[in-house]
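Input: a single structure, listed below in structure tokens.
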Amino acid sequence: MSSLWWTTILLLALTVSTCYGVPTYQDFLHRHVNFPRTPIPSNAAYCSAMMERRGMSVHRRCKPFNTFVHAPLTALNTLCINQPNQAIRTTQQHFRVTVCKLIRSRPTCTYTGNQFNHRVRVRCWGGHPVHLDATFA
């Protein structure tokens, strides 16, 4: 009975957070994490393919900018353990990231990409990263 009660509470909390626009851990993973990096030879081809695969460039609705982090989930998840909601945490390590920028939206979304070794700053919610705040050297 107790586990059913907690499951109900968890589902209710997830529903409320989704309705009120609180980003989720799954959204964060879908938008920003690609580890190991998908093997596409050029950064531009990588960005165009990944933006399409992840649903950020559909029918000329092109997200203008996105960053993919090529770090193990454990390295990102540990940032938010025992942190309050809305905490912003930064990795001490540098990780490979690919920064994608839109260069053309017609006839299809086309991106350029650059790779960097950057530290990663995330916003936490519920003990998990939910928003990529920034990357920097």
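For the sequence shown, the residue numbers in mature numbering (1 follows the signal peptide of the UniProt record, and there is no 0) are -21 to -1, 1 to 116. Here a beta-carbon is modelled for each residue, glycine too, at the ideal position from N, C-alpha and C. Here the structure is a predicted model, which means the values were calculated and not measured.
Quiz item: Got a sec? Which residues, its chain only, sit under 8 Å from residue 30 by beta carbon, not counting five neighbours each side?
Solution: Within the sequence shown, residue 30 is the residue found at index 51, counting from 1. Only 36, 41, 42, 45, 79, 88 and 90 meet the Cβ criterion.
Quiz item: Which residues bound the beta strand (DSSP E) around residue 77?
Solution: Within the sequence shown, the letter at position 98 stands for residue 77. Boundaries of the beta strand (DSSP E) harbouring residue 77: 74 to 83, taken from the DSSP string.
Quiz item: Excluding the five sequence neighbours on either side, which residues of its own chain have a C-beta within less than 7 Å of the C-beta of residue 23, listed in chain order?
Solution: Walking along the sequence shown from the start, residue 23 turns up at place 44. Correct list, in chain order: 90, 91 and 92.
Quiz prompt | Beta-carbon separation (whole angstroms), residue 70 vs residue 99, contact threshold 8 Å | solution = Counted from its first residue, the sequence shown places residue 70 at position 91. Counted from its first residue, the sequence shown places residue 99 at position 120. About 5 Å separates the two Cβ atoms, so the contact holds.
Exercise. For residue -15, I'd like the list of residues in its chain whose CB is within less than 6 Å of its CB, leaving aside the five on either flank, ordered along the chain.
Key: Along the sequence shown, one-based indexing puts residue -15 at 7. Interpretation of residue -15 is limited by its pLDDT of 43, a score under 50 that renders its predicted location unreliable; no figure is taken from the coordinates.
Self-check item: Sequence-distant residues of the same chain with beta carbon closer than 7 Å to residue 28, five excluded per side
Solution: Numbered from 1 along the sequence shown, position 49 holds the residue referred to as residue 28. 19.
Quiz item: Using a Cβ-Cβ cut-off of 8 Å (strictly less than) and excluding sequence neighbours within five positions of residue 60, which residues of its own chain qualify?
Solution: Residue mapping note: residue 60 aligns to position 81 of the sequence shown, counting from 1. Excluding residues within five positions, the ones whose Cβ falls inside 8 Å are 106.
Self-check item: Same chain only: Cβ atoms within 6 Å of residue 76, ignoring 5 sequence neighbours per side
Solution: As a position in the sequence shown, residue 76 is number 97, starting the count at 1. Counting only Cβ-Cβ distances below 6 Å, and skipping sequence neighbours, we find 46, 48, 95, 97 and 114.
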